[in-house]
Amino acid sequence: MWPLVAFALVFVGAQFDADLYQKPIARVTAAKTIKTVAQTDNFENHDHVDTQALTAKLLNTKNRGQILHLRNTYSFSGAEDAKLGVGSQVFLSKNAANHFTISGIKRDAILLGLVAATVVLLGLIMKKHLWLTLASLGANAIVFILALHVEIASHQVLAFCLFSLVAIAFAVITTLFVVGFKPLAVVVSLATILATGLGVALGYAIFTVTNYRGLHLETVNYVTQAPQLLFFVQIIIGSLGAVLDESSDIAVAIFQLQDGAKARFQAGMAIGRNVMGPLIAVLFMIFIAGTFNEAVLWLRNDNAIATTVSWVMGLGFAQSLISAFGIVLAIPLTSGLAALAAGVERRRTA
């Protein structure tokens, strides 16, 4: 119940936060469809484009309260636009004639509401540990933003090394916040970094030997230079979380055991085998889900299934496989390191 209450309160509050924005925002007070045009493309896909006449009230800036008359054009498919109704809030910009035009839809209410509901739900489950989790997320976000600024300034010259260091920082920061300054944190961080690095290195070696046959790196989204480099950066960042999760599960369990080193290692291997499958499946579904919409579009435009899989889902499959390498390698690495470290810690405290 409390997550729903938090969502409702923040959602309603975000309807009145226009003063926090410098960009002009208006609320639609009336909407009417004035024109509809049917469209058909070369593949017999049918759509229609509607034009709306809107009346809106300016919510911020020095002209607050001004009544505006706007136009909104949207397609029934809604691929890149949306229908506006009474109560919708939109961002505005001025054109060359000094008239207001719609530049985007204000959607912060739903996003902030979901964030509030998530934080409250985590708080109910995690109690006091919530603050450590939020601090970890904040620290990682700061590292990532700083890395983006450095990467943009370097024009991708340092991209791979930079984001490799970012991945290491993510692993260390997250582990320290979650586990604390303990030998266990060293084991989890080291195992995560080694497993991820070895998995990516193995994937790179395979792709190099096969000359990237069957992989269309030119389909990496929004990249015009060095797609191969950013492809591996995506893999490193994408697989890190799953490897870290697995390593921490194995290491924490091993440190609780009082058996010998061999028994601890075997226990870690058994735990790893149990969690390995679900982690790989989850990563696979995440990668494929990111390409599902585009795949449907390709298939609806009469492209063969083999062509669609190769061009649209191929990189997702490859990323999943390389991530699986890291997940598999993390099992013996974490089990071995944790067994040794637990033995040393046990003798030290004996």
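Numbering (full-length UniProt numbering) for the sequence shown: 1 to 350.
We put the CB at the ideal spot given by N, CA and C, even for glycine.
These figures come from a predicted structure and were not determined experimentally.
- Counting only the Cα atoms, ILE271 lies some 15 Å from VAL188.
- When only Cα atoms are considered, ASN72 and GLN66 end up about 19 Å apart.
- CA-CA distance, LEU54 to ALA31, rounds to 5 Å.
- A distance below 9 Å separates the beta carbons of GLY199 and SER323.
- Here ASN293 carries a helix assignment [DSSP, helix/strand/coil].
- Within the segment 62-144, the complete alpha helix (DSSP H) segments of 4 residues or longer fall at 108-126, listed in chain order.
- Boundaries for ALA304: no alpha helix (DSSP H) harbours it, and the DSSP string shows neither H nor E there.
- Checking the DSSP bridge columns, you'll see THR175 has no partner listed.
- If you check the CB distance, LEU244 and THR175 come in under 9 Å.
- Of the other Cβ atoms in all chains shown, fewer than 16 fall within 10 Å of the Cβ of VAL86; this residue is therefore exposed.
- Following the DSSP letters along the chain, one finds ASP259 in no alpha helix (DSSP H), marked with neither H nor E.
- When the five nearest sequence neighbours on each side are left out, the beta carbons in the same chain lying within less than 7 Å of the beta carbon of THR291 are those of VAL312, MET313 and GLY316, in order along the chain.
- Counting the other Cβ atoms within 10 Å of the Cβ of GLY214 gives fewer than 16, which makes it exposed.
- In the three-state DSSP reduction, GLN15 falls in the helix class (H, G or I).
- Annotated three-state conformation of THR208 is helix, per DSSP.
- Rounded to whole angstroms, SER248 and ALA97 show a C-alpha spacing of 60 Å.
- Where GLN52 is concerned, the enclosing beta strand (DSSP E) starts and stops at 46-58.
- Distance between ILE110 and PRO332, taken at the CA atoms: about 43 Å.
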